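Heads up: the sequence lines are chains F and B, in that order. Take the first sequence: its letter number 390 is residue 390 in my numbering, and every next letter is one higher. Take the second sequence: its letter number 7 is residue 1007 in my numbering, and every next letter is one higher. A virtual CB, placed ideally from N, CA and C, is assigned to each residue, including glycine. These numbers were taken from a predicted model, which means no experiment stands behind them. Notes to accompany the following structure.
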Amino acid sequence: MAHLNWVALAIFVLLFGFVTWLGFIAARWRKGDLDLLHEWGLAGGRFGTVVTWFLLGGDLYTAYTFIAVPALVFGAGAIGFFALPYTIVVYPIVFVVFPRLYSVCKHNGYITAADFVRGRYDSSGLALAIAVTGVVATMPYIALQLVGLQVVIGAMGLPTGGFMGDLPLIIAFVILAAFTYTSGLRAPASIAIVKDVLIYLTIIIAVIVIPTQLGGYAKMFSAIPESKLLLAPPTGASFGAYSAYATLAFGSALALFLYPHSMTGVLSSSSRTVIKRNAAFLPAYSFLLGLIALLGYMAIAAGVDKLPEFAAGFKQYGTSFTVPALFLHAFPSWFVGIAFAAIGIGALVPAAIMSIATANLFTRNVYKEYFRPDCTPKQEATMAKVVSLVVKVGALAFVIFLPLQYAIQLQLLGGVWMSQTLPAVLISLYTRWLHRTALLIGWIAGIVSGTWMVSTLGFKGSVYPLSLDGLTVPGYAALYALAINLIVSVVLTWVFNGLGVGRGRDATESHHYHV
Amino acid sequence: MVRQPDSGTRSDTGPRRRKASRAWYLLLLAPFVGVLWVPFFNSIEPSWAGIPFFYWYQFLWVLISSAITLIVYFATKDDPAGGE
């Protein structure tokens, strides 16, 4: 970076300092014994509608989202917009399905999806599969949040190479680790309020000011070549971008709330009504996400990639530099500071929640299940605090020592893997007909086939061109793998039920799903 | 004490009300049809204020599906166990 943007940096540090303070005092908010895993890892399930709205908003709409979605729209055009239909169709699913999961978990003291599977199917193997999937899929996601933070730090002109370049990231990480350890989920919940307010402010101003600078929305859209502006229509032999777009949206929606950090956000609510109300109000963030996606087009219209002052940034960060470049170009330094702080804090919130969720999973479903079944509540909570620390250190090391590509590729695979927990976690909310061993084998089939599909794409994409008798249907690999998963699960259930293979005991009862 | 008849006894409106409640959930399918049937909206016209159809249509569905979810929420609020 050519020069250090002092004003932006000062405001950034100020806001960061504020949320750091907030993260530490959050321990006293809606006070509870933080030596209990339920209090540390789920904030005692005390969050009402408004707090949950901020928490889930901060949780689901991450720094990586704000960097990656415009970057995709900037580079590839309309296909990048799938984020909008994705976040539209996810909420009816949340509304109908997740109150059931909430009720059965509350009634039985489950704090993770794997806990539920364990109770439902009496199978520690299946529960372990669910837990491991959650942990492995979330880790690269945490790393990518740190990458989002890295991009805005670099964009402010701080040195990016060597130890000096990693120092701001390390400082941010230490702060994050410290307040997560002390306050648990209450920390990101309180910070999410600040982050979401800043993001809404930034984006609303951006989508008014920048198009005005460009001469209006009509002018902005007319600057985009039609090949980018719309999806490529299908040719005779292939459904092309149409099936890719729809399957990306649908498949991503199915997986989103299976992620441990979404689960944690949902389970920290105070009632199932909170979840239903949020299914109606969280779409506000989807609208915001659509506006954020349009930033990619604004960047094209403003020609930021052609401006010499941003050449080094684009060289270093690729299309991830789109949003920082656009803001630096369009706004005075003080507003850039606010915007970058919003993104940076927007990295802390999900990173904190993801590390807590991962810690909950490991502690309950690996440590307590296999190593220390009679650990005291305090030992359990302490283990979780330590694990969340380890997970963050791991993510930081990943970002510092490994090329960015790896994190992106793992995140891609993570989405495919996470989807494979759908039969065991969501279908189980409605019926126990599926056999536990069949589900486990189905999960393996899904993981293997999904990973294979992504590998044929060189790990660079997740849209697999399925070939059906001469017709090509490009579709999201996660969805195809899920189909294979379901077919295997159903067929093997018939087989195992017929053979009389043991089905274990269901610890849940039907009324648990409605409480 | 004179007993006034209810507007409908409990057992009378119970199952009927639950059945009506369940139908509301079907409304939640609308967003899926609306935004996943891509050929319908992959066009520039009819544009609005310079914004191509592809874009304003999907933004509109955010508002519509949010409204639908609220409607279903209120309509099924008293639905005790059924349909959830």
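Query                                                                                                                                  : Result
The region 156 to 175 of chain F touching the region 381 to 389 of chain F, judged by at least three CB pairs closer than 8 Å          : no
Buried versus exposed, by CB contacts within 10 Å (16 or more), residue 1010 (chain B)                                                 : Unreliable positioning characterises residue 1010 (chain B) in this predicted model, as indicated by a pLDDT of 47, which lies under 50. A coordinate reading is not provided.
At least 3 beta-carbon pairs within less than 8 Å: the region 324 to 335 of chain F vs the region 2 to 20 of chain F                   : yes
Closest Cα partner of residue 110 (chain F) within the set F:241, F:368, F:297, F:281                                                  : F:368
Residue 303 (chain F) Cβ short of 7 Å to the ligand FMN heavy atom set                                                                 : The ligand FMN is not part of the structure shown, which contains no ligands of any sort.
8 Å Cβ cutoff met for residue 300 (chain F) and residue 74 (chain F)                                                                   : yes
Residue-level contact to chain F via CB, residue 1073 (chain B), 8 Å cutoff                                                            : yes
Pair within 8 Å by beta-carbon distance, residue 234 (chain F) and residue 242 (chain F)                                               : yes
Alpha-carbon spacing of residue 363 (chain F) relative to residue 318 (chain F), whole angstroms                                       : 38 Å
Runs of alpha helix (DSSP H) wholly within the region 318 to 342 of chain F (minimum 4 residues, chain order)                          : 322 to 330
Per DSSP, the bridge partner or partners of residue 468 (chain F)                                                                      : F:471
Cutoff 8 Å: residue 338 (chain F) Cβ touching any chain B Cβ                                                                           : no
Rounded separation between residue 516 (chain F) and residue 138 (chain F) - CA only                                                   : Because chain F spans 1 through 515 in this model, residue 516 (chain F) falls outside it and cannot be assessed.
Three-state secondary structure assigned by DSSP to residue 1083 (chain B)                                                             : Reliability fails at residue 1083 (chain B), whose pLDDT of 40 lies under 50, so the model's placement of it is uncertain and the value that follows must be treated cautiously. Residue 1083 (chain B): coil per DSSP, three-state reduction.
Partner residues on chain F for residue 1040 (chain B), Cβ-Cβ distance less than 9 Å                                                   : Residues of chain F passing the Cβ test: none, with the nearest at roughly 10 Å.
CB contact check: residue 1023 (chain B) to chain F, cutoff 8 Å                                                                        : no
Local Cβ density within 10 Å of residue 511 (chain F), reported as buried at 16 or more and exposed below that                         : exposed
Buried or exposed by the 16-neighbour rule on C-beta atoms within 10 Å, applied to residue 403 (chain F)                               : exposed
Closer than 7 Å at the beta carbon, the chain F residues around residue 1028 (chain B)                                                 : 92, 95, 96
Closer than 8 Å to chain F by CB, residue 1052 (chain B)                                                                               : yes
Under 8 Å by beta carbon: chain B residues contacting residue 217 (chain F)                                                            : 1049, 1050, 1051
Limits of the alpha helix (DSSP H) - the one that residue 514 (chain F) falls within                                                   : It is not in any alpha helix (DSSP H) - residue 514 (chain F) carries neither H nor E in the DSSP assignment.
Residue 494 (chain F), DSSP secondary structure in three states                                                                        : helix
N-terminal and C-terminal residue of the alpha helix (DSSP H) that residue 134 (chain F) is part of                                    : 124 to 155
Cβ contact (3+ pairs, closer than 8 Å) linking the region 472 to 492 of chain F and the region 426 to 442 of chain F                   : yes
Under 9 Å by beta carbon: chain B residues contacting residue 198 (chain F)                                                            : Within 9 Å Cβ-Cβ: nothing; residue 198 (chain F) doesn't reach chain B, min ~21 Å.
Alpha helix (DSSP H) segment containing residue 166 (chain F), residue limits                                                          : 162 to 183
Paired residues, beta bridge with residue 463 (chain F) - DSSP                                                                         : F:476
Three-state secondary structure (DSSP) of residue 500 (chain F)                                                                        : coil
Min CB distance residue 448 (chain F) to chain B below 8 Å                                                                             : no
Residues of its chain near residue 122 (chain F), where Cβ-Cβ distance is below 6 Å and the 5 sequence neighbours each way are ignored : 504, 505
Closest residue to residue 560 (chain F) among F:20, F:43, F:24, F:23 (Cα-Cα distance)                                                 : Nothing about residue 560 (chain F) can be read from this structure; chain F reaches only from 1 to 515.
Opposing strand residues paired with residue 1048 (chain B) [DSSP bridges]                                                             : B:1051
C-beta neighbour in chain F for residue 1046 (chain B), strict 8 Å                                                                     : no
Residues, ordered as in the chain, of the region 206 to 230 of chain F that lie near chain B by beta-carbon distance below 7 Å         : 216, 217, 218, 221, 229, 230
Contact with chain F by residue 1062 (chain B), beta-carbon distance below 8 Å                                                         : yes
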